[in-house]
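Before any comments, here is the structure.
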Amino acid sequence: MNEKIVAMLLAGGQGSRLKSLTYDIAKPAIPYGGKYRIIDFPLSNCTNSGISTVGVLTQYQPHALHRYIGLGTPWDLDRHQGGVTMLPPYAEIDGIKWYAGTASAIYQNISFLQSCEPDYVLILSGDHIYKMDYEKLVEYHKEKQADVTISVLEVPWEDASRFGLIDTDEQMNVTEFIEKPENPKSNLASMGVYVFDWEILEQYLEEDNAIEESSHDFGKDILPKMLADHKKMVAYPFKGYWKDVGTVDSLWEANMDLLDPTAGLVLHDSAWRIYSSNPQLPPQVITETGKVQGSMVNEGCVISGTVKHSVIFQNVMIERGAVVEDSVVMSGTHVGQDAHLKRVIVPPGVDVPEGYRLINPAEGITLLTQDLIDSWKGSGQQ
Amino acid sequence: MNLMAAVDASVKVAGLQDLTLHRSVSSIPFAGRYRLIDFPLSNIVNSDINSVGVFASAPFASLIDHIGVGKSWDLDRRKEGLFFLPTTHKNGGIATVGSFHDFEEHIQFFEKSRQTHVVVTSSFVVGQLDYKEMLAHHLASGEDITEAVGATGSLKSYILSRELILELIRSHRERRILSVEDLVNLKKAPYTYGVYEYKGYFAIIDSVQQYFKESIGLLDENNRRLLFLPQAPIYTKVKDEPPTLYIEGSHVSMAMIANGSTIIGNVKNSIISRAVTVGKNASLEKCIIMQKCTIEEDCELAYVIADKDVHIEKGVKLTGTAVQPIVLRKGERVTKEDSQ
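In the order they appear, the protein sequences are chains A and B.
Numbers given in this note's numbering equal positions in the first sequence, counted from 1, plus 4.
Numbers given in this note's numbering equal positions in the second sequence, counted from 1, plus 165.
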């Protein structure tokens, strides 16, 4: 490919439905899959797709993300040409402007894009888990001679109303763009992944910025406007695993999907590796009393208890007699003797005391908090 | 007082031949995810030493691939950092640590340095030496050369002044001394010799038996705790492997397992490296399996060391002993017929 592609990764989301997990970090920085953060997926997709210029737009609680991404070394994005550039909101002569919507975030960095001189701009979201070859998407965009291409995914009809939906003709030309409708007539959901011809994007961003009543959002403003103007808008049918981790339940599900070989997300894949910042830790140890079944365990763990159908992050100690099932235990935590957890997410920094029991029924998932543990201690249940 | 370090990665260790057909002793895999050289290099950087020369003799492709520009050890520096210093010694240098012949070939490394003292160390001793503490001891003792010695022998690590090592490099021929280790063993005049008592964990990997014994020894919690100190991590080249998968029906007990592996069968008292597959109903007892090995279904292995990329086909049964573990060479493929 001789044309230049620049990826703009929207990573400013708060993800308030993830509760205490996002009190002090942005949603893309949420730990996932035993060793990753969600943003590792789009970043690794860029690297694996041969895209080496990436702007990361941050706003909500950006420190952890900035520190994590650093120079972009783990993703091979520490380049002389291009590489990764962190783009938080900034002040200019007219004052400070926060990113009001997805389009305004890109608009406010229009000078960054102009300096990159791209042919195509790829808009990505930093909070989705999927493996995708963006090069194929751009090839498709060129073949179709589109002004904009939207990557879409078939979703189950019953879930369709939760998504921005797209209706197309047989040639995959987009005929209608509907945000979260009550009665969906299509089940093609937008993945929040767009490829624009740069000149078109630049023009529409400028225009949208001038409209005061606009919410400055791609899905609500830019794309409907382009459709109304009869711009060539096509849908790219993506096949494969894709998950928007918006809630505690969906974060738990996405982790459990890694333990299900039929779910479609394979991390043991040397052809499409997911890169991540690697802490230097010794191998995991399963001791004499440890039992691990149907689970994923990361480096630095010492497992002396029983782990069933769970995802265990780095540096977790699970003591003798403890049972962890259908759970996600995040890094550096300690699960005390004879504790029993079922369908629980243990966030980093929350230790599970000896004898603590939290066994959820089939539908419930609990995000463990220090308050829950303190009130258990207060109730004298030890 | 400041330190520089010379790591001798070219020492010939006769007893490790099976594991060094395609690599030097310094790049033998150890403890699931490391190479032997990771231990001295990590000790060195954890002691705040920034100027490190790695003296290596052929075959060193695997060593270069592993250490690169020293990024994993934070040794990719503008000033000083890691120097890879190949020597002309063929077939793995001499049998003692700190060859003056090798040092002479790169005498500029010592001449140009601004440090006052030099650590000379080997690459086949695994431990947690604190060179800052050793230097303080050396300075307080007033001796010319200090050797680190543990309960069961020498750690083959030495501290001396840069001035003295330069004098020794220039005069070693007429004095008829081969190496720093040689000099310390002979206790040649007019120099004085001191001992730094090391109390932590250490393992000398100088034979296949020792390699096997010390590897399995890491399953002992006491050893592990003394070697893997949170305040002094052991650094290695990063591989981006996913966490290890334990499939329903696997049985693992008393095992050290690196990332990227898939365990379907049974593993006991063993060390499993990165990206290894242990097939259904296979059972491993007292085995050391290096990276990217595949062990197919129904295999029964005991006292086996499988080097990198070994493929063991379905139903193979191999049993060695602690004294004579079976060594499968790098890339070897073992069929059921072979093992009968």
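Each residue gets a CB set at the ideal place from its N, CA and C atoms; glycine is no exception.
- If you ignore the 5 residues before and after residue 299 (chain B), its C-beta comes within less than 7 angstroms of the C-beta of 311, 313, 324, 361, all in its own chain and listed in chain order.
- Going by C-alpha positions, residue 115 (chain A) is about 18 angstroms away from residue 63 (chain A).
- Checking the DSSP bridge columns, you'll see residue 310 (chain B) partnered with B:358.
- For residue 219 (chain A), same chain residues with a beta-carbon under 8 angstroms away, outside a window of 5 residues either side, are 104, 105, 225 in chain order.
- In this structure, residue 252 (chain B) lies near residue 270 (chain B), with their beta-carbon atoms less than 7 angstroms apart.
- A straight-line Cα-Cα distance of about 59 angstroms links residue 186 (chain A) and residue 386 (chain B).
- Under the Cβ criterion of 7 angstroms, residue 441 (chain B) is not counted among the residues facing chain A.
- With contacts defined by Cβ atoms closer than 7 angstroms, residue 419 (chain B) and residue 384 (chain B) form a contacting pair.
- In summary, no residue of the segment 104 to 118 of chain A has a CB separated from any CB of chain B by less than 8 angstroms.
- Between the C-alpha atoms of residue 308 (chain A) and residue 356 (chain A) there is a straight-line separation of about 15 angstroms.
- DSSP lists B:372 as the bridge partner or partners of residue 180 (chain B).
- The beta carbon of residue 203 (chain A) sits closer than 6 angstroms to none of the beta carbons in its chain outside the five residues before and after it.
- When the five nearest sequence neighbours on each side are left out, the beta carbons in the same chain lying within less than 6 angstroms of the beta carbon of residue 129 (chain A) are those of 14, 196, in order along the chain.
- Remark: C-beta atoms of residue 475 (chain B) and residue 501 (chain B) do not approach each other more closely than 7 angstroms.
- For residue 21 (chain A), the closest of A:286, A:236, A:253, A:284 by C-alpha to C-alpha distance is A:253.
- With at least 16 other beta carbons inside 10 angstroms of its own, residue 109 (chain A) counts as buried.
- Following the DSSP letters along the chain, one finds residue 230 (chain A) inside the alpha helix (DSSP H) bounded by residues 227 to 232.
- In terms of beta-carbon proximity, residue 343 (chain B) stays away from the interface with chain A, with every pair separated by 7 angstroms or more.
- In the three-state reduction of the DSSP assignment, residue 84 (chain A) falls in the coil class.
- In the three-state reduction of the DSSP assignment, residue 340 (chain B) falls in the helix class, which pools H, G and I.
- For the 7 angstroms CB-CB criterion, residue 277 (chain A) and residue 405 (chain B) form a contact.
- Within the same chain, and ignoring the five residues on either side of residue 207 (chain B) in sequence, the residues whose Cβ sits closer than 6 angstroms to its Cβ are 399, 400.
- In the structure shown, residue 150 (chain A) adopts coil according to DSSP, grouped into three states.
- The beta carbon of residue 227 (chain B) sits closer than 6 angstroms to the beta carbons of 188, 192 from its chain, once the five residues preceding and following it are set aside; these are given in chain order.
- Ranked by how close their Cα comes to the Cα of residue 321 (chain B), the residues B:338, B:341, B:286, B:309 have B:286 in first place.
- Residue 311 (chain A) sits away from residue 289 (chain A), with the two beta carbons spaced by 7 angstroms or more.
- Contacts with chain B at 7 angstroms (Cβ-Cβ) do not include residue 198 (chain A).
- Contact between residue 300 (chain A) and residue 320 (chain A) is absent: CB atoms are separated by about 12 angstroms, not below the 8 angstroms threshold.
- Taking residue 76 (chain A) as the centre and dropping the five residues before and after it, the same chain places the C-beta of 82, 87, 88 closer than 6 angstroms to its C-beta, in chain order.
- Taking a beta-carbon distance threshold of 7 angstroms, residue 338 (chain A) does not count as an interface residue toward chain B.
- For residue 201 (chain B), the closest Cβ of chain A is not nearer than 7 angstroms.
- In terms of Cα proximity to residue 243 (chain A), the closest of A:382, A:29, A:140 is A:140.
- If you compare the alpha carbons of A:123, A:57, A:264, A:328 with that of residue 358 (chain A), the shortest gap goes to A:328.
- Residue burial is scored here from C-beta neighbours: residue 409 (chain B) has at least 16 other C-beta atoms within 10 angstroms and is therefore classed as buried.
- At least 7 angstroms separates the beta-carbon of residue 454 (chain B) from that of residue 444 (chain B).
- About 19 angstroms separates the beta carbons of residue 382 (chain B) and residue 397 (chain B), which is beyond the 8 angstroms limit, so they are not a contact pair.
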